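J.:
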Amino acid sequence: MLKTLYALINPVQVAKRAQALIFFAWLIWLATGPLGCHSLVQVIQPGGPGDFAPGAGTPLSQAYYHYLRAQRFLLAEDIGAAVTEYEKVLKYDPEAVQAMIELAALYERQGELKKALTNVEKALKLEPRNREAHFLLAGLHVSLNQLKEAIAEYERILVMDPENREARLFLATLYAQQRRFSKAIRLIQGILRQEPQLLVGYYYLGRFYMEMDQVRKAKEEFHRVLTMDPTFVPAMFDLAVLLEREKHYSQALAFYHRVLQYQPNNARAWANIGRLQLMRRHYAEALKSFQKVKNLEKNDASVFFQIGLIYLEQKYYTEAIRELRQLLNYPRFRERVRYYIALALEEKGDLDAAAREYQCVGRRSENYIPARLRLAYVYYQKQMKDQARQVLEEIKAQSPDREEIYLTISYFYEEENMWHRAIAALKEGLARLPKSAEIYFRLAILYEKQKDREASIQQIKKVLELEPENPDALNFLGYSYAEAGIHLDEAERLIQEALQAKPDSGHIIDSLGWVYFKKGLYDKAVAELERAYHKLPQDATVAEHLGDAYLKQNRYREALQYYRRALTLENPDIPRLKKKIQDLELQLQKQFL
Numbered sequence: 004m005l006k007t008l009y010a011l012i013n014p015v016q017v018a019k020r021a022q023a024l025i026f027f028a029w030l031i032w033l034a035t036g037p038l039g040c041h042s043l044v045q046v047i048q049p050g051g052p053g054d055f056a057p058g059a060g061t062p063l064s065q066a067y068y069h070y071l072r073a074q075r076f077l078l079a080e081d082i083g084a085a086v087t088e089y090e091k092v093l094k095y096d097p098e099a100v101q102a103m104i105e106l107a108a109l110y111e112r113q114g115e116l117k118k119a120l121t122n123v124e125k126a127l128k129l130e131p132r133n134r135e136a137h138f139l140l141a142g143l144h145v146s147l148n149q150l151k152e153a154i155a156e157y158e159r160i161l162v163m164d165p166e167n168r169e170a171r172l173f174l175a176t177l178y179a180q181q182r183r184f185s186k187a188i189r190l191i192q193g194i195l196r197q198e199p200q201l202l203v204g205y206y207y208l209g210r211f212y213m214e215m216d217q218v219r220k221a222k223e224e225f226h227r228v229l230t231m232d233p234t235f236v237p238a239m240f241d242l243a244v245l246l247e248r249e250k251h252y253s254q255a256l257a258f259y260h261r262v263l264q265y266q267p268n269n270a271r272a273w274a275n276i277g278r279l280q281l282m283r284r285h286y287a288e289a290l291k292s293f294q295k296v297k298n299l300e301k302n303d304a305s306v307f308f309q310i311g312l313i314y315l316e317q318k319y320y321t322e323a324i325r326e327l328r329q330l331l332n333y334p335r336f337r338e339r340v341r342y343y344i345a346l347a348l349e350e351k352g353d354l355d356a357a358a359r360e361y362q363c364v365g366r367r368s369e370n371y372i373p374a375r376l377r378l379a380y381v382y383y384q385k386q387m388k389d390q391a392r393q394v395l396e397e398i399k400a401q402s403p404d405r406e407e408i409y410l411t412i413s414y415f416y417e418e419e420n421m422w423h424r425a426i427a428a429l430k431e432g433l434a435r436l437p438k439s440a441e442i443y444f445r446l447a448i449l450y451e452k453q454k455d456r457e458a459s460i461q462q463i464k465k466v467l468e469l470e471p472e473n474p475d476a477l478n479f480l481g482y483s484y485a486e487a488g489i490h491l492d493e494a495e496r497l498i499q500e501a502l503q504a505k506p507d508s509g510h511i512i513d514s515l516g517w518v519y520f521k522k523g524l525y526d527k528a529v530a531e532l533e534r535a536y537h538k539l540p541q542d543a544t545v546a547e548h549l550g551d552a553y554l555k556q557n558r559y560r561e562a563l564q565y566y567r568r569a570l571t572l573e574n575p576d577i578p579r580l581k582k583k584i585q586d587l588e589l590q591l592q593k594q595f596l
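So, in structure tokens, the structure goes:
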């Protein structure tokens with residue numbers, strides 16, 4: 004992570020910024036005579052244009068001619084031609100140190116680090132105390148990930164020039180990269196004592212504290228930077244990252260939007276905004292952000308992937324398939340993309356096409372097992388049950404330690420009301436995975452559906468042995484006690500603990516109301532059950548519970564209203580509800596006789 008810090012002030016860039024000054028230095032040298040033992044050693048006398056033409060004059064005049072051409076090509080940003088001209092300079096004057104340094108900087112710019120290193124080392128053999136060469140050499144060592152060598156170069160520079168600010172800054176970042184934070188911080192603090200307005204110094208301190216997980220100190224330094232310069236974008240980004248770590252997503256978003264005030268086309272800021280909006284399930288806003296990134300970074304395949312997943316989540320299946328198909332030409336995305344294209348096709352109802360895509364997901368893909376499970380489910384939907392079972396048995400043989408395989412097999416048997424086989428599949432899974440809380444939980448649900456409450460409670464207790472703070476397991480056990488009318492104080496404690504973890508869960512609130520109902524605390528029961536119904540107005544059990552609580556308060560008409568409401572919702576207990584409605588209607592009729 005600290006490599007990005009280093010890029011703020013790159014010593015190779017220092018060498019490049021010096022090039023304009025170098026040009027004038029050469030002209031002065033030519034006018035006044037040799038400045039050292041290893042430069043052009045002869046003053047070029049004024050003459051006609053032919054003095055500087057190719058093939059004419061002394062080697063030094065030829066070197067100067069090619070140097071001027073190199074400068075012209077640099078101004079035109081023709082790096083390749085400039086490199087060629089510098090090489091010719093050194094052909095005519097092999098000891099031209101400054102040309103070696105400038106050529107090394109260009110080699111570095113082209114990514115030819117070994118050539119750059121060779122030229123800098125040659126320059127330093129000729130001029131061992133050339134600080135510019137030492138700076139460039141240190142930068143090259145960093146690029147080659149040779150941190151010890153880079154540190155040694157900066158330390159040499161500081162021996163020659165103890166107050167060199169840039170060398171101290173670079174050295175501090177390298178110490179931090181080696182996690183020698185105390186040395187890094189002392190170096191930066193020493194600079195700041197001399198230059199208390201140096202923004203980058205405070206920023207580096209913030210980054211070091213951030214790496215040390217000293218969040219408060221890091222935030223203090225970043226805020227200090229932004230107080231001194233409200234437009235300092237790196238500090239905004241890092242503050243946003245820290246706020247994300249603390250789950251202060253709204254504040255993090257505010258800083259990313261602040262970045263966009265100064266850099267409206269900052270693709271990284273747009274991408275981070277999109278990611279945070281996804282986390283908050285604000286899909287429309289996330290989609291707008293990623294569309295912006297797509298326009299800015301036209302070759303960023305990951306953006307197409309994010310956009311495709313958002314469309315899939317929003318059930319815009321045609322759009323999702325269109326975005327995702329663009330990634331089939333990218334090898335690193337191909338397998339993942341096929342899986343999500345298949346999901347979209349399955350959701351669209353095109354089961355044959357979905358099956359073909361699932362079959363194309365290779366075994367090395369992280370989505371291979373999920374794809375085979377979905378393929379089995381597609382076969383199941385098409386009533387191809389033998390093929391579905393065959394796929395499941397194949398992947399169970401290949402990956403016997405994947406809990407989702409046993410859960411899926413159990414689900415298929417459950418759908419066919421083959422309860423004993425469903426339970427047997429889960430038990431087979433537990434024989435392989437005795438610490439699978441998910442399988443124990445599913446087994447508890449199956450036993451509960453079979454009205455075997457004792458076995459159900461036994462399984463859910465095993466879940467809590469493995470995951471003592473699992474809110475769904477706490478709620479399940481508490482509700483099971485309440486349904487049985489036993490251990491009601493313990494049931495209330497369990498459900499309250501679950502509610503602390505998931506305070507907005509309508510199902511857990513319903514469980515608490517039901518415990519109060521079983522305790523005979525009907526006012527408290529009504530208050531909680533009304534709250535649960537507000538969160539889950541389509542849940543038949545919650546509506547029926549609320550009707551029961553109203554009935555205990557002699558609020559007969561309201562009770563009847565919610566019993567009738569429950570009868571219209573999904574999966575009601577129809578015989579029980581019809582009897583409650585008939586009994587209550589008779590009771591109301593008697594009141595009017």
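Position one of the sequence shown corresponds to residue 4 (my numbering), numbered consecutively onward. Don't be surprised by glycine CBs; every beta carbon is placed ideally from N, CA and C. Here the structure is a predicted model, which means the values were calculated and not measured.
#1: Report the rounded CA-to-CA distance for residue 339 versus residue 184, giving the unit in angstroms.
#2: Three-state secondary structure (DSSP) at residue 216?
#3: How would you call residue 531, buried or exposed, if buried means at least 16 neighbouring beta carbons within 10 angstroms?
#4: Is the beta carbon of residue 262 less than 7 Å from the beta carbon of residue 270?
#5: Does DSSP put residue 353 in a helix, a strand or coil?
#6: Distance, Cα to Cα, residue 36 vs residue 164?
#7: Could you tell me the alpha carbon to alpha carbon distance between residue 387 and residue 416, rounded to whole angstroms?
#8: In whole angstroms, what separates the C-alpha of residue 288 from that of residue 240?
#9: So, residue 435 versus residue 403, is the Cβ gap smaller than 7 Å?
#10: Measure the C-alpha to C-alpha separation of residue 293 and residue 279 and round it to an integer number of angstroms.
#11: Specify, as a first and last residue, the run of the alpha helix (DSSP H) that residue 103 falls within.
#12: With distances taken from CA atoms, which of 426, 462, 425 and 421 is nearest residue 438?
#13: Once DSSP output is grouped into helix, strand and coil, what is the label at residue 241?
#14: Could you have a look at residue 542 and say whether DSSP puts it in helix, strand or coil?
#15: Identify every residue that forms a DSSP beta bridge with residue 573.
#16: Would you report the Cα separation of residue 267 and residue 237, rounded to the nearest angstrom?
#17: Identify whether residue 490 lies in helix, strand or coil by the three-state DSSP scheme.
#18: If we ignore side chains and look at the alpha-carbon of each, how far apart do residue 216 and residue 196 end up?
#19: Consult DSSP for residue 454 and reduce its assignment to one of helix, strand or coil.
#20: What three-state label does DSSP hand residue 36 in the structure shown?
#21: Buried or exposed for residue 377, going by 16 or more other Cβ atoms inside 10 Å?
#22: Give a yes or no on whether the minimum CB-CB distance between residue 90 and chain D is below 7 Å.
#23: Which whole-angstrom value is the C-beta distance of residue 535 and residue 552, which I expect to be below 8 Å?
#24: Could you check what DSSP says for residue 260 in three-state terms: helix, strand or coil?
#25: Drop a sphere of 10 angstroms on the beta-carbon of residue 222, count the other beta-carbons inside from all chains shown, and report buried for 16 or more, exposed for fewer.
#26: What residues in its chain sit with their C-beta under 8 Å from that of residue 24, if we drop five residues either side in the sequence?
#27: Assuming residue 282 is part of the alpha helix (DSSP H), what are its boundary residues?
#28: Anyone know if the C-beta pair for residue 212 and residue 227 falls short of 7 Å?
#29: When the Cα atoms are used, what is the spatial distance from residue 554 to residue 498?
#30: Give the DSSP-derived three-state secondary structure of residue 568 in the structure shown.
#31: Do the segment 356 to 375 and the segment 313 to 329 meet, that is, are 3 or more Cβ pairs less than 8 Å apart?
#32: Which whole runs of the beta strand (DSSP E) in the segment 472 to 519 are 3 residues long or more, in chain order?
#33: Taking residue 548 and residue 517 to be in contact with their CB atoms under 8 Å, please state how far apart those CB atoms are, rounded to whole angstroms.
#34: Within its chain, find whatever has a CB closer than 6 Å to the CB of residue 374; leave out the 5 residues flanking it on each side and keep chain order.
#35: Leaving out five residues before and five after residue 312 in sequence, what residues of the same chain have Cβ atoms less than 7 Å from its Cβ?
#36: Measure the alpha-carbon distance for residue 523 versus residue 445 and round it to whole angstroms.
T.: Concretely, from the data shown:
#1: Position 336 of the sequence shown, counted from the start, is the residue given in the question as residue 339. Position 181 of the sequence shown, counted from the start, is the residue given in the question as residue 184. Roughly 40 Å separates the two Cα atoms.
#2: The residue given as residue 216 occupies position 213 in the sequence shown. It is coil, neither helix nor strand.
#3: Numbered from 1 along the sequence shown, position 528 holds the residue referred to as residue 531. It is buried - the Cβ of residue 531 has at least 16 other Cβ atoms within 10 Å.
#4: Position 259 of the sequence shown, counted from the start, is the residue given in the question as residue 262. Position 267 of the sequence shown, counted from the start, is the residue given in the question as residue 270. Contact flag unset, no.
#5: Reading the sequence shown from its first residue, position 350 is the one you call residue 353. The answer is coil: DSSP assigns residue 353 none of H, G, I, E or B.
#6: Along the sequence shown, read from residue 1 onward, the residue named residue 36 stands at position 33. Along the sequence shown, read from residue 1 onward, the residue named residue 164 stands at position 161. Caution applies to residue 36, whose pLDDT of 35 falls short of 50 and renders its modelled position unreliable; the value that the coordinates give is listed next. The straight-line gap from Cα to Cα measures roughly 27 Å.
#7: Position 384 of the sequence shown, counted from the start, is the residue given in the question as residue 387. Position 413 of the sequence shown, counted from the start, is the residue given in the question as residue 416. Each residue's Cα considered, the two are about 14 Å apart.
#8: Taking the first residue of the sequence shown as 1, we reach residue 288 at position 285. Taking the first residue of the sequence shown as 1, we reach residue 240 at position 237. For residue 288 and residue 240, the distance between alpha carbons rounds to 20 Å.
#9: For the purposes of this step, residue 435 is taken as the residue at position 432 of the sequence shown. For the purposes of this step, residue 403 is taken as the residue at position 400 of the sequence shown. In contact: residue 435 and residue 403 (Cβ atoms closer than 7 Å).
#10: Start at 1 with the first residue of the sequence shown, and residue 293 comes out as number 290. Start at 1 with the first residue of the sequence shown, and residue 279 comes out as number 276. Going from the Cα of residue 293 to the Cα of residue 279 covers about 11 Å.
#11: As a first step, residue 103 is located in the sequence shown; it is residue number 100 there, counting from the start. Looking at the DSSP string, the run of the alpha helix (DSSP H) that includes residue 103 is 100 to 112.
#12: In the sequence shown, the residue the question calls residue 438 occupies position 435. Answer by Cα proximity: 462.
#13: In the sequence shown, counting from the first residue as 1, residue 241 sits at position 238. Three-state DSSP puts residue 241 in a helix.
#14: Locating residue 542 in the sequence shown gives position 539, where the first residue counts as 1. Three-state DSSP puts residue 542 in a strand.
#15: Along the sequence shown, one-based indexing puts residue 573 at 570. Answer by DSSP bridge pairing, in chain order: 542.
#16: The count along the sequence shown starts at 1 and reaches residue 267 at position 264. The count along the sequence shown starts at 1 and reaches residue 237 at position 234. So the two alpha carbons sit approximately 15 Å from each other.
#17: Residue mapping note: residue 490 aligns to position 487 of the sequence shown, counting from 1. If DSSP states are grouped into helix, strand and coil, residue 490 belongs with coil.
#18: Looking up residue 216 in the sequence shown gives position 213. Looking up residue 196 in the sequence shown gives position 193. Rounded to the nearest angstrom, the two C-alpha atoms are 25 Å apart.
#19: Taking the first residue of the sequence shown as 1, we reach residue 454 at position 451. Coil.
#20: Taking the sequence shown and counting its residues from 1, one reaches residue 36 at position 33. Bear in mind that the predicted position of residue 36 carries a pLDDT of just 35, short of 50, making it unreliable; the figure below should be weighed with that in mind. Residue state, collapsed to three classes: coil.
#21: By 1-based counting over the sequence shown, the position of residue 377 is 374. Counting Cβ neighbours within 10 Å, residue 377 comes out buried, since at least 16 surround it.
#22: The structure shown contains no chain D, having only a single protein chain.
#23: By one-based count along the sequence shown, residue 535 stands at place 532. By one-based count along the sequence shown, residue 552 stands at place 549. In fact, because the Cβ distance is near 11 Å, the residues do not count as touching under 8 Å.
#24: As a position in the sequence shown, residue 260 is number 257, starting the count at 1. Residue state, collapsed to three classes: helix.
#25: What you label residue 222 is simply residue 219 of the sequence shown in a count that begins at 1. Flag for residue 222 reads buried.
#26: Here the question's residue 24 lines up with position 21 in the sequence shown. At residue 24, the pLDDT of 31 sits below 50, so the modelled position is not reliable; the number obtained from the coordinates is stated separately. For residue 24, where only same-chain residues beyond five positions count, there are no Cβ hits under 8 Å.
#27: Residue mapping note: residue 282 aligns to position 279 of the sequence shown, counting from 1. Run containing residue 282: 270 to 282, per the alpha helix (DSSP H) assignment.
#28: What you label residue 212 is simply residue 209 of the sequence shown in a count that begins at 1. What you label residue 227 is simply residue 224 of the sequence shown in a count that begins at 1. Cβ distance not < 7 Å, so residue 212 and residue 227 don't count as in contact.
#29: Working through the sequence shown from its first residue, we reach residue 554 at position 551. Working through the sequence shown from its first residue, we reach residue 498 at position 495. Distance between the alpha carbons of residue 554 and residue 498: 24 Å.
#30: Reading the sequence shown from its first residue, position 565 is the one you call residue 568. Correct three-state label for residue 568: helix.
#31: no
#32: none
#33: In the sequence shown, counting from the first residue as 1, residue 548 sits at position 545. In the sequence shown, counting from the first residue as 1, residue 517 sits at position 514. Sure, about 6 Å apart at Cβ, within 8 Å.
#34: Taking the sequence shown and counting its residues from 1, the one referred to as residue 374 is at position 371. Here the set comprises 342, 361 and 364.
#35: As a first step, residue 312 is located in the sequence shown; it is residue number 309 there, counting from the start. So the list reads 343, once near-sequence residues are dropped.
#36: The sequence position of residue 523 within the sequence shown is 520, counting from 1. The sequence position of residue 445 within the sequence shown is 442, counting from 1. So the alpha carbons of these two residues sit roughly 31 Å apart.
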